[in-house]
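Notes to accompany the following structure.
In the UniProt record's numbering, the protein residues as written are 1 to 268.
So, in structure tokens, the structure goes:
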């Protein structure tokens, strides 16, 4: 079950702990009502065990609050359709990311992520801050003790799409890509503009391979996103991945192109 990302998890845990105290429940009595052991409750409250949606639903049952904490997660943090992918991303041994339009979220800088979030004029400043913070917390998987192998394929246009207003932010973003690509487990490949039309222009997608060898795919669209775990869908995405990967430049040439683009954007 999907973990709730930090710092939202810290906030939700503190609210659950406060509600438990106000209701006079011990960790043991709360755990019985929520469907978890007292040791599990203690581990979640101390931060040594991840907060999951299962635990949140259990808390809502224990407090009979009509799903309050579940609604808070959806309202303040990652949308419900994204949580299954976060779960797959965190547990992945391999990640395959393709983006024809924007830098993948896992590789974004905070400033770039904030600009992208602000493009949605329906989001308040507070919501933007929360979404950016949640996105930055995902970056921990790149520098953990056992990080996944990450292979990202980007269209060259994603590196150049800025305009004078955002040139400095794009320079910072491309510099970050160059730095991240130096990690032994991260590979960034660029499809050059000269490649012309290719199948990847149909839209972005991602693939995650778990430790047991199973794959999960993810597609985003204007209204949200879907997780792909059926055989036919995964076969299609894996075929698309091979196609876009074959259109991209090798690692060294991609790095050289990113450096050229970085100099184009100028100092930041």
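Even for Gly, the Cβ is constructed at its ideal location relative to N, Cα and C.
Checklist entry - Skipping 5 residues on each side, what residues in its chain have a beta carbon closer than 6 Å to that of residue 149? => result 94 and 185
Checklist entry - Within 10 angstroms of its Cβ, does residue 254 collect 16 or more other Cβ (buried), or is it exposed? => result buried
Checklist entry - Can residue 208 and residue 88 be called in contact, C-beta distance under 7 Å? => result Less than 7 Å separates the beta-carbon of residue 208 from that of residue 88.
Checklist entry - Who are the near neighbours of residue 16 in its chain, counting only those whose CB is closer than 6 Å to its CB and skipping five residues on each side? => result 59
Checklist entry - From residue 20 to residue 49, what does the alpha carbon distance come to, in whole angstroms? => result 18 Å
Next on the checklist: Buried or exposed, going by whether 16 or more other CB atoms sit within 10 Å of the CB of residue 248?
Outcome noted: buried
Item to check | Supposed contact pair residue 251 and residue 187 - C-beta distance, whole angstroms, cut 8 Å | outcome: 6 Å
Next on the checklist: As an exercise, report each continuous alpha helix (DSSP H) stretch of at least 4 residues that is fully enclosed by the UniProt region "Disordered" (248-268), in chain order.
Outcome noted: Taking only runs of at least 4 residues, the alpha helix (DSSP H) segments lying wholly in the UniProt region "Disordered" (248-268) are 251-265.
Item to check | Secondary structure of residue 19, DSSP reduced to three states | outcome: helix
Next on the checklist: Can you find the residues in the same chain that come closer than 7 Å, C-beta to C-beta, to residue 237, ignoring five residues on each side of it along the sequence?
Outcome noted: 205, 207, 217 and 228
Next on the checklist: What ranges does the beta strand (DSSP E) occupy inside the region 196-239, keeping only unbroken runs of at least 3 residues that lie completely in it?
Outcome noted: 205-210, 215-221 and 224-228
Item to check | Rounded separation between residue 153 and residue 11 - CA only | outcome: 35 Å
Checklist entry - What is the DSSP secondary structure of residue 36, reduced to helix, strand or coil? => result DSSP, read as helix, strand or coil, puts residue 36 in coil.
Checklist entry - In terms of residue numbering, what span does the beta strand (DSSP E) encompassing residue 171 cover? => result Careful: residue 171 lies outside any beta strand (DSSP E), inside the alpha helix (DSSP H) at 167-180.
Next on the checklist: According to DSSP, is residue 118 part of a helix, a strand, or is it coil?
Outcome noted: In this structure, residue 118 counts as helix in the three-state DSSP scheme.
Next on the checklist: One question on the structure: do residue 138 and residue 106 come within less than 7 Å of each other, judged by their Cβ atoms?
Outcome noted: yes
Next on the checklist: Between the alpha carbons of residue 194 and residue 132, how many angstroms are there, rounded?
Outcome noted: 33 Å
Checklist entry - Which word fits residue 126, buried or exposed, when buried means at least 16 other C-beta atoms lie within 10 angstroms of its C-beta? => result Flag for residue 126 reads exposed.
Checklist entry - When the Cα atoms are used, what is the spatial distance from residue 164 to residue 8? => result Between residue 164 and residue 8, the alpha-carbon positions lie close to 34 Å from each other.
Item to check | Same chain, Cβ closer than 8 Å to residue 116, five either side skipped, listed in chain order | outcome: 102 and 108
Checklist entry - What do you get for residue 22, buried or exposed, if any count of 16 or more other CB atoms within 10 angstroms of its CB means buried? => result exposed
Item to check | Residue closest to residue 38, alpha-carbon to alpha-carbon, out of 27, 45 and 46 | outcome: 27
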